[in-house]
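Undergrad:
2 protein chains.
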Amino acid sequence: MRGPMPAPLVVQKFGGSSLATAERIRHVAERISRARGDGADLVVVASALGDTTDDLLRLAGDITQDPDPRELDLLLATGEHQSATLVSMALHALGVKAISLTGAQAGITTDGRYGKARIANVEPRRVRAELDRGNVVIVAGFQGQSGGLGTEGAGNGTSEWVETTTLGRGGSDTTAVALAAALRADRCQIFTDVRGIYTADPRLVGSARQLGTIGYEEMLELAQQGAQVMQVRAVELGWVNGVEIEVLSSFEDAPGTLIREDPLVEQRNKVRGLAHDRNVAKVTLLAVPDRPGVARAVFEPLAEAAINVDMIVQNVGHDGATDLSFTVPRAELRRAETVLNPIVAELGARGLTTDPDVAKVSIVGAGLHNAPGYAARMFGTLADASVNIEMISTSEVRITCVIEEARLEAAREALHGAFELARPDPVDAAATARPA
Amino acid sequence: MRGPMPAPLVVQKFGGSSLATAERIRHVAERISRARGDGADLVVVASALGDTTDDLLRLAGDITQDPDPRELDLLLATGEHQSATLVSMALHALGVKAISLTGAQAGITTDGRYGKARIANVEPRRVRAELDRGNVVIVAGFQGQSGGLGTEGAGNGTSEWVETTTLGRGGSDTTAVALAAALRADRCQIFTDVRGIYTADPRLVGSARQLGTIGYEEMLELAQQGAQVMQVRAVELGWVNGVEIEVLSSFEDAPGTLIREDPLVEQRNKVRGLAHDRNVAKVTLLAVPDRPGVARAVFEPLAEAAINVDMIVQNVGHDGATDLSFTVPRAELRRAETVLNPIVAELGARGLTTDPDVAKVSIVGAGLHNAPGYAARMFGTLADASVNIEMISTSEVRITCVIEEARLEAAREALHGAFELARPDPVDAAATARPA
Numbered sequence: 001m002r003g004p005m006p007a008p009l010v011v012q013k014f015g016g017s018s019l020a021t022a023e024r025i026r027h028v029a030e031r032i033s034r035a036r037g038d039g040a041d042l043v044v045v046a047s048a049l050g051d052t053t054d055d056l057l058r059l060a061g062d063i064t065q066d067p068d069p070r071e072l073d074l075l076l077a078t079g080e081h082q083s084a085t086l087v088s089m090a091l092h093a094l095g096v097k098a099i100s101l102t103g104a105q106a107g108i109t110t111d112g113r114y115g116k117a118r119i120a121n122v123e124p125r126r127v128r129a130e131l132d133r134g135n136v137v138i139v140a141g142f143q144g145q146s147g148g149l150g151t152e153g154a155g156n157g158t159s160e161w162v163e164t165t166t167l168g169r170g171g172s173d174t175t176a177v178a179l180a181a182a183l184r185a186d187r188c189q190i191f192t193d194v195r196g197i198y199t200a201d202p203r204l205v206g207s208a209r210q211l212g213t214i215g216y217e218e219m220l221e222l223a224q225q226g227a228q229v230m231q232v233r234a235v236e237l238g239w240v241n242g243v244e245i246e247v248l249s250s251f252e253d254a255p256g257t258l259i260r261e262d263p264l265v266e267q268r269n270k271v272r273g274l275a276h277d278r279n280v281a282k283v284t285l286l287a288v289p290d291r292p293g294v295a296r297a298v299f300e301p302l303a304e305a306a307i308n309v310d311m312i313v314q315n316v317g318h319d320g321a322t323d324l325s326f327t328v329p330r331a332e333l334r335r336a337e338t339v340l341n342p343i344v345a346e347l348g349a350r351g352l353t354t355d356p357d358v359a360k361v362s363i364v365g366a367g368l369h370n371a372p373g374y375a376a377r378m379f380g381t382l383a384d385a386s387v388n389i390e391m392i393s394t395s396e397v398r399i400t401c402v403i404e405e406a407r408l409e410a411a412r413e414a415l416h417g418a419f420e421l422a423r424p425d426p427v428d429a430a431a432t433a434r435p436a
Numbered sequence: 001m002r003g004p005m006p007a008p009l010v011v012q013k014f015g016g017s018s019l020a021t022a023e024r025i026r027h028v029a030e031r032i033s034r035a036r037g038d039g040a041d042l043v044v045v046a047s048a049l050g051d052t053t054d055d056l057l058r059l060a061g062d063i064t065q066d067p068d069p070r071e072l073d074l075l076l077a078t079g080e081h082q083s084a085t086l087v088s089m090a091l092h093a094l095g096v097k098a099i100s101l102t103g104a105q106a107g108i109t110t111d112g113r114y115g116k117a118r119i120a121n122v123e124p125r126r127v128r129a130e131l132d133r134g135n136v137v138i139v140a141g142f143q144g145q146s147g148g149l150g151t152e153g154a155g156n157g158t159s160e161w162v163e164t165t166t167l168g169r170g171g172s173d174t175t176a177v178a179l180a181a182a183l184r185a186d187r188c189q190i191f192t193d194v195r196g197i198y199t200a201d202p203r204l205v206g207s208a209r210q211l212g213t214i215g216y217e218e219m220l221e222l223a224q225q226g227a228q229v230m231q232v233r234a235v236e237l238g239w240v241n242g243v244e245i246e247v248l249s250s251f252e253d254a255p256g257t258l259i260r261e262d263p264l265v266e267q268r269n270k271v272r273g274l275a276h277d278r279n280v281a282k283v284t285l286l287a288v289p290d291r292p293g294v295a296r297a298v299f300e301p302l303a304e305a306a307i308n309v310d311m312i313v314q315n316v317g318h319d320g321a322t323d324l325s326f327t328v329p330r331a332e333l334r335r336a337e338t339v340l341n342p343i344v345a346e347l348g349a350r351g352l353t354t355d356p357d358v359a360k361v362s363i364v365g366a367g368l369h370n371a372p373g374y375a376a377r378m379f380g381t382l383a384d385a386s387v388n389i390e391m392i393s394t395s396e397v398r399i400t401c402v403i404e405e406a407r408l409e410a411a412r413e414a415l416h417g418a419f420e421l422a423r424p425d426p427v428d429a430a431a432t433a434r435p436a
C-alpha cells in the first residue's frame, strides 16, 4: 500500500545514443533506479540501441532497393523491442521490478500508414496494471499496432488483421508524450545526448547558451528549422495535451530545458534561438503566366509525388508573368525536376532553375511577428556579414532566410551576436530553479 | 481462380545458416520462387539470420547473468521477425507476392513457459487468407503468443495479457511441422546445411551414407542422441500428426531424406545410423542405502532445479547398498553437485563421484530391441576397439553406451564398419526415386 499522497508519475524517454552499449544501458538503468528510489512511478520509453535502425535499413537495402513499407515496419520495430527488454533486464540486475512492453502491449494503436503512422488511440490499461504491481514499465518506442478489433474507426488503411506500424524517425518522442498524456503523467522527460535546448547549435556556435524554459510554439519552430533535439510531432502533441516536457542529458546530472506554455513572453528578449537546415534545395519557375490555377498546376503534382514543398515565394508579376520559387528537401530535388519539366512546357513558362547549395537560417521567438524591428535587424545583420538573402518567409514566431550554404556559418555567428543570445536571460534562471 | 486441381500446399523451413547473408537470403528467395513457379502454394518458416540468436544472448549476457525468461523471449523473438521480413522483401524483389507474419499473426498460441513454450493451438485463419490472396506466406519461426482471450484453457502460466513466447532452440522446425499439420500441407520441407540424414555424422565418419528415407521413431532416436539435424519435438509432432518431413540442403539441388511412417522395416539392415553426444557428464552416488524412496530423494530435487537427467543406471545392490549412476548435460554438472551434496549426507551414501569427460554413442534402427545379436555385436565391436563401456541404456529403436570421450572417434569408426552402414540399402534407393 502506498501512503496517502499518490506517487508522482513520470514518463522518461531515452534515445538511441543513450543506449548504444551495455555499459550505457546499465547507466540508464541506474538513473531510472534513482528516480524510482525517490518514489516516482515510472514509465520508460526506449529507442533502438545506437545505430540499430540504420543497420536494419542497410540490411533491407542489401536485399532490395524498394522495401515494402509494411515489411520494413515489422523489421524496424524489432530494434525497440530489443532495447526495451535490455533496459528491463538491466533494472532487474539492480533489483528493481520492471517489465518491458511492445507498443501493441502498451495499448498504442495507430492508423495503417506504414513508416509514418499517426497514433489513433492510447489505451494504457496494461501499463496501469503493471504500475500497480510495482513495476517500472519499459515501453518500446517508435511503434504501435493498427487493425484488428481494437481500432474500429481508426480509418486510413487499417484492416481486419493486426499489424505492426512505426511512427517515423524520432517516433519514440511521440510515444513518450502520447503515453504521458494518456496517463496524465506529472512530467515527461526526454533524455538525449545534449543538455537541453540552446539558443543555437552549441557544436557550431561557441557562445550558444542553454535555455531554462521555452514555449511550445517556439520549440516547434526551432525543431522544424532543424534543431533536431525533439521530433516536431511530439512537441505538437505535448502542446495540444498540455504535457510539460523536459529535455535533458542522459550522461550528465544537470538541469535540462522545460518546454511548456510560457506566460512570461512579454518580459524578455524576443529572439530565443537560432535554427538552421542544410537539407534544402531551391527551385524557381521562370516567367510563369500570372493567371489563376497556376499554383495548383505546379503544387498538386508535387504533392501527388509525395515531395515536401516548404517555403513558397511568388514575386510580383510583370508583363503577365511571374517567377515562382520554393524549397524542397535536397534529396527530392531530382524527382521534383522530373515532375516539373513537363509542367513548365504545359504552362508556357520560360524555364526551370534549381540550386542545391542553399541553406535556411532562422531566428525564433514568441511574438516576433508582432514586434517590428526584428526582421529589419536580421536582414541588416546578414547584409553586414556579406550574406545574400535569396528567399524570406515568416511565421508567428519565426523569420527564415534562404541563403548560400557556404555562408551559413558566418550568418549564424553574426545573428547570435546581433540578438545577444549569449547573454543570460533572467527568465531562464528562474525556470532552472523551479521546484522539482 | 485456380484450375480444377487444387495447388499442392508445401511448408518450407529455412535455418539460420541458409539466411546468414543478404546473398544467401536472395538465394533462398530464388529457391522459393522456383517452387512457387512450379505451382505450389507456399508457407515458409524462417529462422533468425546466421548467429543472431547467439548475438542477442551475448547482448543480454552483457547486461545481466540471469536474464528474466519473459524478457529474453521478447528479445530473441526479434531475430525471426527480422529474417521473415527480409525473406519477404527478397521475394518482392523477384516479383513474387509475399507477406511476412509473426508467430502471433500466424495464429500460433502456446502455453506460458518462456524459453520452452509448447504449442497449444494453431489457428491459421490469416495464413489461409493470405494464401488465398496469392501470397507466399513467410512465418517467423521459433515463437508464439500466450495469454489473451485466444488461449483459454491453454493453462500453464498463461495470463490475461498477451505475451511473446519462444519454443526453445531449433523451435523453427516445430513451427514448420505444426503449421504443416494445421494446414494439412502436402509436404513439410526442412532446408538445412546438410543434404539429409546420414548413417553417421559425415563430417566425422568418412564412409557415412545419406539415407533416402527413415522412420519417425528412428529419426527421433538419432536426433535425441545428438544428430542435431532436426529438433526432437518437431519429429514427434510430425509423427503424431502424420506429417511427411523432408530434410534437404538449402545450398544444393539434391534429393534429401524423407521422414515418414516406414512400412519396409522388415526388409532391411536394422541398424540405420549412429548418433553421438559429447554434452554429457556422469554422476555416481556410491553405496546408497537400497530402500524405497531413495530414487525420489535424489531425482526430485534435480527436477526441481530443472536439471535434465538422462540415462539412469542402478547396479545390483549388495550389503543393503547400491551404486546409482546417471548422466546430466555437462553444463549442468556443477549445479547438480550443489543439489546432490546435502542429499548424499542425508541418505548416508558413501559419496559422490563425477566425470565430465564421457560421451554417448548409439546405434539406431527400428526393431533393434526385438532382434537379438545387435547389442552383443555393438559391445563386442567396442571391446575389440579397446573402448570401455561405462553405462548402457536401450530403447525400442536404440542402444546407447556411455564411453570415455577420448575414445569416441574410434568407437564411431568401428561401429560404422561393423554394421556395414556405408553399404547402400535398396530401400533408400527406392525412396530417393519416389515421385516428386
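Just so you know, the sequences run in chain order A and B.
Each step along the first sequence adds one to the number in my numbering, with nothing skipped, and position 25 is 25.
Each step along the second sequence adds one to the number in my numbering, with nothing skipped, and position 260 is 260.
A virtual CB, placed ideally from N, CA and C, is assigned to each residue, including glycine.
So, helix, strand or coil for B:V194, using DSSP?
TA: What you label residue 194 of chain B is simply residue 194 of the second sequence in a count that begins at 1. Of the three classes helix, strand and coil, the one that applies to B:V194 here is coil, per DSSP.
Undergrad: Are any of the Cβ atoms in chain A nearer than 8 Å to that of B:A154?
TA: For the purposes of this step, residue 154 of chain B is identified with residue 154 of the second sequence, where counting begins at 1. Because the pLDDT at B:A154 is just 40, under 50, the model does not fix this residue reliably, and the value given afterwards should be weighed accordingly. Taking Cβ atoms only, chain A never reaches closer than 8 Å to B:A154, which makes this a no.
Undergrad: State the beta-bridge partners of B:G273 as determined by DSSP.
TA: Here residue 273 of chain B refers to the residue found at position 273 when the second sequence is read from its first residue. In the DSSP output, where bridge partners are listed per residue, B:G273 has B:V364.
Undergrad: Less than 8 Å separating the beta-carbons of A:P374 and A:V271?
TA: On the first sequence, position 374 is the one that residue 374 of chain A refers to. On the first sequence, position 271 is the one that residue 271 of chain A refers to. The sequence given here places Tyr at residue 374 of chain A; Pro does not occur at that position. Yes; because the gap between Cβ atoms is below 8 Å, this pair is in contact.
Undergrad: Does the count of Cβ pairs from the segment 40 to 50 of chain A and the segment 67 to 81 of chain B closer than 8 Å reach three?
TA: No, they do not touch.
Undergrad: Which first and last residues belong to the beta strand (DSSP E) in which B:Q12 is found?
TA: Within the second sequence, the letter at position 12 stands for residue 12 of chain B. Element bounds for B:Q12: L9 to F14.
Undergrad: Identify whether B:L101 lies in helix, strand or coil by the three-state DSSP scheme.
TA: Here residue 101 of chain B is taken as the residue at index 101 of the second sequence, counted from 1. Three-state DSSP puts B:L101 in a strand.
Undergrad: Nearest CA to the CA of B:R125: which residue from B:P6, B:E244 and B:A106?
TA: Numbered from 1 along the second sequence, position 125 holds the residue referred to as residue 125 of chain B. Among B:P6, B:E244 and B:A106, the Cα nearest to that of B:R125 is on B:A106.
Undergrad: Please classify B:M230 as buried or exposed, where buried requires at least 16 other C-beta atoms within 10 Å of its C-beta.
TA: As a first step, residue 230 of chain B must be located in the second sequence, where it is residue number 230. With 16 or more Cβ atoms within 10 Å of its Cβ, B:M230 is classed as buried.
Undergrad: Between the C-alpha atoms of B:L415 and B:A275, what's the straight-line distance to the nearest angstrom?
TA: Here residue 415 of chain B refers to the residue found at position 415 of the second sequence. Here residue 275 of chain B refers to the residue found at position 275 of the second sequence. Rounded to whole angstroms, B:L415 to B:A275 spans 11 Å at the Cα level.
Undergrad: So, under 8 Å CB-CB, A:S88 and A:A117 are touching, yes? Tell me the CB distance rounded to an integer number of Å.
TA: Within the first sequence, numbered from 1, the residue matching residue 88 of chain A stands at position 88. Within the first sequence, numbered from 1, the residue matching residue 117 of chain A stands at position 117. Not quite, the Cβ-Cβ distance comes to about 24 Å (not below 8 Å), so this is no contact.
Undergrad: Using only CA atoms, which one of B:Q143, B:D186, B:A181 and B:E160 lies nearest to B:R169?
TA: Reading the second sequence from its first residue, position 169 is the one you call residue 169 of chain B. Per the Cα distances, B:Q143.
Undergrad: Considering only their Cβ atoms, is the gap separating A:A90 from B:T64 smaller than 8 Å?
TA: Reading the second sequence from its first residue, position 64 is the one you call residue 64 of chain B. Reading the first sequence from its first residue, position 90 is the one you call residue 90 of chain A. It is a contact, given that the beta carbons lie within the stated cut-off.
Undergrad: Can you pull the chain A residues whose beta carbon is under 9 Å from the beta carbon of B:I108, in chain order?
TA: Looking up residue 108 of chain B in the second sequence gives position 108. What B:I108 touches in chain A: nothing, since even the nearest Cβ is about 14 Å away.
Undergrad: Check for me: the alpha helix (DSSP H) holding B:S83 runs from which residue to which?
TA: The residue you call residue 83 of chain B lines up with position 83 of the second sequence. Note, B:S83: alpha helix (DSSP H), P69 to A93.
Undergrad: Check this for me: beta carbons of A:S18 and A:S250, under 8 Å apart or not?
TA: Along the first sequence, one-based indexing puts residue 18 of chain A at 18. Along the first sequence, one-based indexing puts residue 250 of chain A at 250. Closer than 8 Å, so yes.
Undergrad: State yes or no: is the beta carbon of B:R26 nearer than 8 Å to at least one beta carbon in chain A?
TA: Position 26 of the second sequence holds residue 26 of chain B. Closer than 8 Å to some Cβ of chain A, the Cβ of B:R26 qualifies, so yes.
Undergrad: With burial defined as no fewer than 16 other Cβ atoms inside 10 Å of the residue's Cβ, what is the status of B:G112: buried or exposed?
TA: Locating residue 112 of chain B in the second sequence gives position 112, where the first residue counts as 1. So B:G112 counts as buried.
Undergrad: Give the single residue among B:L101, B:A120, B:V162 and B:I119 whose Cα lies nearest to the Cα of B:E130.
TA: For this step, residue 130 of chain B is matched to residue 130 along the second sequence. Among B:L101, B:A120, B:V162 and B:I119, the Cα nearest to that of B:E130 belongs to B:L101.
Undergrad: I want to see whether chain B comes within less than 8 Å of A:H92, judged by CB atoms only; does it?
TA: On the first sequence, position 92 is the one that residue 92 of chain A refers to. Closer than 8 Å: yes.
Undergrad: Applying the 10 Å Cβ sphere with the 16-neighbour rule, what's the burial state of A:M5?
TA: As a working note, residue 5 of chain A is residue 5 in the first sequence. Exposed, because fewer than 16 other Cβ atoms sit within 10 Å of the Cβ of A:M5.
Undergrad: Grouping DSSP H, G and I as helix and E and B as strand, with all else coil, what is A:P342?
TA: Translated into positions along the first sequence, residue 342 of chain A becomes position 342. Helix at A:P342.
Undergrad: Go ahead and pull the three-state DSSP assignment for B:A287.
TA: Here residue 287 of chain B refers to the residue found at position 287 of the second sequence. Of the three classes helix, strand and coil, the one that applies to B:A287 here is strand, per DSSP.
Undergrad: Check B:I63 in the structure and name its three-state DSSP category.
TA: Counting from 1 along the second sequence, the entry for residue 63 of chain B is found at position 63. Three-state result, B:I63: helix.
Undergrad: Closer than 8 Å, Cβ to Cβ, to anything on chain A: give me those residues from the segment 26 to 46 of chain B, in chain order.
TA: Listed by position along the chain: R26.
Undergrad: Go ahead and pull the three-state DSSP assignment for B:G144.
TA: Translated into the one-based positions of the second sequence, residue 144 of chain B becomes position 144. Three-state result, B:G144: strand.
Undergrad: So that I know if they touch, is there some Cβ in chain A lying closer than 8 Å to that of B:E71?
TA: As a position in the second sequence, residue 71 of chain B is number 71, starting the count at 1. Yes, contact with chain A.
Undergrad: Relative to the C-alpha of B:T164, which residue among B:A93, B:Y198 and B:I119 is closest?
TA: As a working mapping, residue 164 of chain B is identified with position 164 in the second sequence. Ranking the options by Cα distance to B:T164, first place goes to B:I119.
Undergrad: Would you say A:L75 faces chain B, with C-beta separation under 8 Å as the test?
TA: Position 75 of the first sequence holds residue 75 of chain A. Chain B contact via Cβ: present.
Undergrad: Which residues of chain A have a Cβ atom closer than 8 Å to the Cβ of B:T64, listed in chain order?
TA: Position 64 of the second sequence, counting from 1, holds the residue named residue 64 of chain B. In chain order: M89, A90, H92 and A93.
Undergrad: Please report the distance separating the alpha-carbon of A:A410 from that of A:R34.
TA: The residue you call residue 410 of chain A lines up with position 410 of the first sequence. The residue you call residue 34 of chain A lines up with position 34 of the first sequence. Going by the C-alpha atoms only, they are around 44 Å apart.
Undergrad: Where B:L179 and B:V11 are concerned, what is the direct C-alpha to C-alpha distance, given to the nearest angstrom?
TA: Indexing the second sequence from 1 puts residue 179 of chain B at position 179. Indexing the second sequence from 1 puts residue 11 of chain B at position 11. Taking the straight line joining both Cα atoms gives about 7 Å.
Undergrad: Going along the segment 45 to 61 of chain A in order, which residues come within less than 8 Å of chain B, judged by CB to CB distance?
TA: Under the 8 Å Cβ criterion, the segment 45 to 61 of chain A contributes L56, L59 and A60.
Undergrad: Going along the chain, which residues of its own chain have a beta-carbon closer than 8 Å to the beta-carbon of B:A20, five neighbours each way excluded?
TA: For the purposes of this step, residue 20 of chain B is taken as residue 20 along the second sequence, with counting starting at 1. Contacts found: L49, G50 and D51.
Undergrad: Using beta carbons (cut-off 8 Å, strictly below), is A:V440 in contact with chain B?
TA: The requested residue 440 of chain A is not part of the displayed model; chain A covers only 1 to 436.
Undergrad: Between which residues of its own chain and A:E413 is the CB-CB distance below 7 Å, once the five residues before and five after are set aside?
TA: Numbered from its first residue, the first sequence carries residue 413 of chain A at position 413. V205.
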